[in-house]
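243 is the number that our numbering gives to position 162 of the sequence shown; each next residue is one higher, with no gaps. One structure is given here, and the rest of the page talks about it.
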Amino acid sequence: MIEKILDVNKIVGVNDICVQLNMTEVSQKAVELLELYKTIIAKESANDENDLIHPQYAAMAVFQAAKILKQKSSKAKIMSFSNLRPTQWQHLELRWNKFLTKYYKETSDKRQRLRVGESNEGTEILKSQSCVENKKRLASSVEDYEQWKKRILEKAEEQLRHQLNEQEDKLEIDKENLILGM
Numbered sequence: 082m083i084e085k086i087l088d089v090n091k092i093v094g095v096n097d098i099c100v101q102l103n104m105t106e107v108s109q110k111a112v113e114l115l116e117l118y119k120t121i122i123a124k125e126s127a128n129d130e131n132d133l134i135h136p137q138y139a140a141m142a143v144f145q146a147a148k149i150l151k152q153k154s155s156k157a158k159i160m161s162f163s164n165l166r167p168t169q170w171q172h173l174e175l176r177w178n179k180f181l182t183k184y185y186k187e188t189s190d191k192r193q194r195l196r197v198g199e200s201n202e203g204t205e206i207l208k209s210q211s212c213v214e215n216k217k218r219l220a221s222s223v224e225d226y227e228q229w230k231k232r233i234l235e236k237a238e239e240q241l242r243h244q245l246n247e248q249e250d251k252l253e254i255d256k257e258n259l260i261l262g263m
């Protein structure tokens, strides 16, 4: 009760890590990477229940974002937020490196143009494109949920049938034993 009031068990997020490590410029990229990771993992492992709100993913997203943006960061400090042992961190880092090489493509050309100060029309176009992409992601996540829901319900129904069949078999054996006097 007291822990809840004091937020002692609060789950550490990307922004919390960035603020505490004074890496606020990395925050946006880290959030982007974490969201991409969550969507890809959710699609790939539909039956696997990963706890994607665990601080290890936020810490790794900050670490990878700092690496991509070529910001100096202390691996040990970031690792302390993840609640992982060094070997677990290495495994997670390998997984993220594979994930980034497979799915993440840097669109630095567009962003560099924006930083240089290209026309406002270009920024409006990019913003509208990102809005469309976000809507597509939301639509696909709803579809994925429906598929997940259907799969889980079918699985539960199959397990119930299996249990009922086992119970019926037991009853038949008990009846036979009763008749035979065993």
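Note that beta-carbon positions come from the ideal geometry of N, C-alpha and C, so glycine has one too.
Handout entry: Contact under 8 angstroms by Cβ, F180 with I98
Key = Position 99 of the sequence shown, counting from 1, holds the residue named residue 180. Position 17 of the sequence shown, counting from 1, holds the residue named residue 98. It is not a contact, given that the beta carbons lie outside the stated cut-off.
Handout entry: V107 beta carbon less than 8 angstroms from that of L150
Key = The residue given as residue 150 occupies position 69 in the sequence shown. The residue given as residue 107 occupies position 26 in the sequence shown. Yes, they are a contact pair.
Problem - CA-to-CA distance, Y184 to L144, given in whole angstroms - result: The count along the sequence shown starts at 1 and reaches residue 144 at position 63. The count along the sequence shown starts at 1 and reaches residue 184 at position 103. Before going on, a small fix: residue 144 reads as Phe here, not Leu. Near 17 angstroms, if we compare the C-alpha coordinates of Y184 and F144.
Practice task
From the DSSP output, in three-state form, read off F180 for me.
Solution key: One-based indexing of the sequence shown puts residue 180 at position 99. In the structure shown, F180 sits in a helix (DSSP, three-state: H, G or I).
Exercise for the section: Could you name the residues of the same chain whose beta carbon sits closer than 7 angstroms to that of P136, not counting the 5 residues immediately before and after it, in chain order? Expected result: Counted from its first residue, the sequence shown places residue 136 at position 55. If we look at P136 and ignore the five residues flanking it on each side, its Cβ neighbours are I92, V93, F162, S163 and N164.
Practice task
Excluding the 5 residues preceding and the 5 following L133 in the sequence, name in chain order all residues of the same chain whose CB lies nearer than 6 angstroms to its CB.
Solution key: Locating residue 133 in the sequence shown gives position 52, counting from the first residue. Answer for L133: K119, listed in chain order.
Exercise for the section: With a cut-off of 8 angstroms on the beta carbons, I'd call L115 and A142 a contact; round off their distance for me. Expected result: Position 34 of the sequence shown holds residue 115. Position 61 of the sequence shown holds residue 142. The Cβ separation is near 4 angstroms, so the contact holds.
Problem - Contact under 8 angstroms by Cβ, D255 with A123 - result: The residue given as residue 255 occupies position 174 in the sequence shown. The residue given as residue 123 occupies position 42 in the sequence shown. No; because the gap between Cβ atoms is not below 8 angstroms, this pair is not in contact.
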